[in-house]
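Trainee:
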Amino acid sequence: MKNYLSPLASGLKPSGIRKFFDLASTMEDVISLGVGEPDFATPWVMRESAIFAIEQGQTMYTSNAGLIELRRELSKYMAKHQGLNYSPDNELLITVGASEAIDLAFRTLISPGDAVLIPDPSFVSYGGCAELAGAEVRYVPLRAEHDFRLQVEDLQMAYTPNCKLLVLSYPNNPTGAIMNRDDLLPIARFVSENDLIVISDEIYSDLTFEGEHTAFANLPYMRNRTLHVHGFSKAYAMTGWRIGYVAGHEDIIQVMTRIHQYTIMCAPIMAQIAALEGLKSGESAKKDMVMEYDRRRRIMVNGLRQMGLTCFEPLGAFYVFPDITATGLSSEEFAEELLKEEKIAVVPGNAFGPAGEGHIRCSYAYSTEQLKEALNRMARFVSKRI
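In this text, residue positions in the sequence shown follow this note's numbering: the first is 619, and each later residue adds one.
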């Protein structure tokens, strides 16, 4: 049957994240630090609103763009918390997670021969979705000496005249790096000078532990050049509900909605209702979760440094990205041997791009007890190699 497969689809590499997660699921007594999955339940007030909606028979389709009540509340929330002003009528689309928004953006904007600039390392789906849309992917290295912040000089090196899009993801997965306003301004100038559109994935923006997050669309002249992608999965512990959203220029959102209409129809109404309640009354629970992530972040960074690994201090998201080159192992060798010897699942850094080699990604969206036990086992493993 291989002759029937699309070369683009069959040529996609499997996710490096899922590879180790699936392997760990077949073993006993494994502590997995591999998946960015909050260990909190969705706040009760949000779950309760969805349960009540089901009891009232609210189980039908919504409009393709999503419940107007949710879009209106989102519009107000973005204006208040992010300084962004988007019309709920024609500049906002509710999607099945932020991942669908990213896929729609590529399919809407990519034409044959176009190229996409993607920071490396970055979330695994960017490159795959861009390739499926027919784009040439040009990776831009993020370097530890720059705190994994994107540098204009590296963009210039990767840029070619057929580049049309730039993907940004800050706070960053997998590094936990952030970029403040001053860091982003040179990027915005580069975008303007080279007539680019930016897909800004800001799903972790509420998980910023130091300083204030700046939405890229808030920078001078960037509103109409930016697709602002966000969602509820991380900050509201709603991964399984699959609710995201994208805001941008009406002309782009209109076409994205049309593709969404044919492929998805609409996001689940119960999940939209829960998200609406979260915007209205879930802020306190969200802040409590963020405080706990911050505490776990410090435990992980200190533990990794004490065992002799160099570890960049993440200032956002819920990942650490330690340098494991001192062990003499490659990223995949480290992850495989750690899983085999100590039953700890982590993700090799090269799963997020070539520049991730020499690192591993560990999520700290797990209980303190699990994290401390994982650190103990990892310290035992590392002590045999450095």
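Backbone N, C-alpha and C define an ideal beta-carbon position, used for all residues, glycine too.
Taking only beta-carbon atoms, is residue 650 less than 8 Å away from chain C?
Mentor: Of the protein chains in the structure, only one exists, and it is not chain C.
Trainee: Suppose contacts are defined by Cβ-Cβ distances below 8 Å. Is residue 692 in contact with residue 854 by that definition?
Mentor: Here the question's residue 692 lines up with position 74 in the sequence shown. Here the question's residue 854 lines up with position 236 in the sequence shown. No, these two residues do not count as a Cβ contact at 8 Å.
Trainee: Alpha helix (DSSP H) containing residue 747: first to last residue?
Mentor: The residue you call residue 747 lines up with position 129 of the sequence shown. Its alpha helix (DSSP H) spans residues 743 to 750.
Trainee: Looking at the secondary structure, which residues open and close the alpha helix (DSSP H) in which residue 723 lies?
Mentor: Within the sequence shown, residue 723 is the residue found at index 105, counting from 1. Counting along the chain, the alpha helix (DSSP H) containing residue 723 begins and ends at 715 to 727.
Trainee: Distance check for residue 965 and residue 929, CA to CA, integer angstroms please.
Mentor: Working through the sequence shown from its first residue, we reach residue 929 at position 311. Working through the sequence shown from its first residue, we reach residue 965 at position 347. So the two alpha carbons sit approximately 15 Å from each other.
Trainee: Out of 819, 877 and 934, which has the shortest C-alpha to C-alpha gap to residue 716?
Mentor: Against the sequence shown, residue 716 aligns to sequence position 98. Of 819, 877 and 934, the residue nearest in Cα terms is 819.
Trainee: Which residue wins for smallest C-alpha separation from residue 675, given the options 1000, 935 and 887?
Mentor: Indexing the sequence shown from 1 puts residue 675 at position 57. Checking every option, the nearest Cα to that of residue 675 belongs to 887.
Trainee: Quick check on residue 677: does DSSP put it in helix, strand or coil?
Mentor: By 1-based counting over the sequence shown, the position of residue 677 is 59. If DSSP states are grouped into helix, strand and coil, residue 677 belongs with coil.
Trainee: Starting from the C-beta of residue 907, find all residues in its chain whose C-beta is less than 6 Å away, skip the five residues before and the five after it, and write them out in chain order.
Mentor: Residue mapping note: residue 907 aligns to position 289 of the sequence shown, counting from 1. Result list for residue 907: 658, in chain order.
Trainee: Going by DSSP, which residues form a beta bridge with residue 844?
Mentor: Here residue 844 refers to the residue found at position 226 when the sequence shown is read from its first residue. Bridge partners of residue 844: 816.
Trainee: Count the other C-beta atoms from every protein chain shown that fall within 10 angstroms of the C-beta of residue 972, then say buried if there are 16 or more, exposed otherwise.
Mentor: Within the sequence shown, the letter at position 354 stands for residue 972. It counts as exposed.
Trainee: Residue range of the alpha helix (DSSP H) that residue 633 falls in?
Mentor: Taking the first residue of the sequence shown as 1, we reach residue 633 at position 15. No alpha helix (DSSP H) contains residue 633, which DSSP labels as neither H nor E.
Trainee: Compute the Euclidean distance between the alpha carbons of residue 952 and residue 783, then round it to the nearest angstrom.
Mentor: Residue mapping note: residue 952 aligns to position 334 of the sequence shown, counting from 1. Residue mapping note: residue 783 aligns to position 165 of the sequence shown, counting from 1. Taking the straight line joining both Cα atoms gives about 34 Å.
Trainee: How big is the Cα-Cα spacing for residue 625 and residue 845?
Mentor: Along the sequence shown, read from residue 1 onward, the residue named residue 625 stands at position 7. Along the sequence shown, read from residue 1 onward, the residue named residue 845 stands at position 227. The straight-line gap from Cα to Cα measures roughly 29 Å.
Trainee: So the candidates are 793, 699 and 688; which of them puts its Cα closest to the Cα of residue 737?
Mentor: Looking up residue 737 in the sequence shown gives position 119. If we check each option's Cα against that of residue 737, 793 comes out closest.
Trainee: Any idea which residues DSSP pairs residue 981 with across the strands?
Mentor: For this step, residue 981 is matched to residue 363 along the sequence shown. Note: residue 981 sits in a beta bridge opposite 937.
Trainee: Assign residue 656 to one of two classes, buried (16 or more other C-beta atoms within 10 Å of its C-beta) or exposed (fewer than that).
Mentor: The residue given as residue 656 occupies position 38 in the sequence shown. The residue in question, residue 656, is buried, as its Cβ has 16 or more Cβ neighbours within 10 Å.
Trainee: Rounded to whole angstroms, what is the Cα-Cα separation between residue 995 and residue 988?
Mentor: Within the sequence shown, the letter at position 377 stands for residue 995. Within the sequence shown, the letter at position 370 stands for residue 988. Roughly 11 Å between the two C-alpha positions.
Trainee: Taking the continuous alpha helix (DSSP H) assigned at residue 873, which residues delimit it?
Mentor: If you number the sequence shown from 1, residue 873 lands on position 255. Counting along the chain, the alpha helix (DSSP H) containing residue 873 begins and ends at 868 to 881.
Trainee: Counting along the chain, where does the alpha helix (DSSP H) carrying residue 692 start and finish?
Mentor: In the sequence shown, the residue the question calls residue 692 occupies position 74. Per DSSP, residue 692 belongs to the alpha helix (DSSP H) from 686 to 699.
Trainee: Please classify residue 760: does DSSP put it in a helix, a strand, or coil?
Mentor: Working through the sequence shown from its first residue, we reach residue 760 at position 142. It is coil, neither helix nor strand.
Trainee: So residue 713 packs on residue 890, CB below 8 Å; how close in whole Å?
Mentor: Within the sequence shown, residue 713 is the residue found at index 95, counting from 1. Within the sequence shown, residue 890 is the residue found at index 272, counting from 1. In fact, because the Cβ distance is near 11 Å, the residues do not count as touching under 8 Å.
Trainee: Mapping DSSP to helix, strand and coil, what is residue 609?
Mentor: Nothing can be reported for residue 609: it is not among the residues displayed for the chain, which extend from 619 to 1004.
Trainee: Please classify residue 972: does DSSP put it in a helix, a strand, or coil?
Mentor: On the sequence shown, position 354 is the one that residue 972 refers to. If DSSP states are grouped into helix, strand and coil, residue 972 belongs with the helices.
Trainee: Count Cβ pairs between the region 786 to 801 and the region 739 to 747 that sit closer than 8 Å; are there 3 or more?
Mentor: These segments touch.
Trainee: Can you check which of these residues, 927, 968, 895 and 985, is closest to residue 936 by C-alpha distance?
Mentor: Sequence index remark: in the sequence shown, residue 936 carries index 318 (1-based). Taking only the C-alpha atoms, the option nearest residue 936 is 985.
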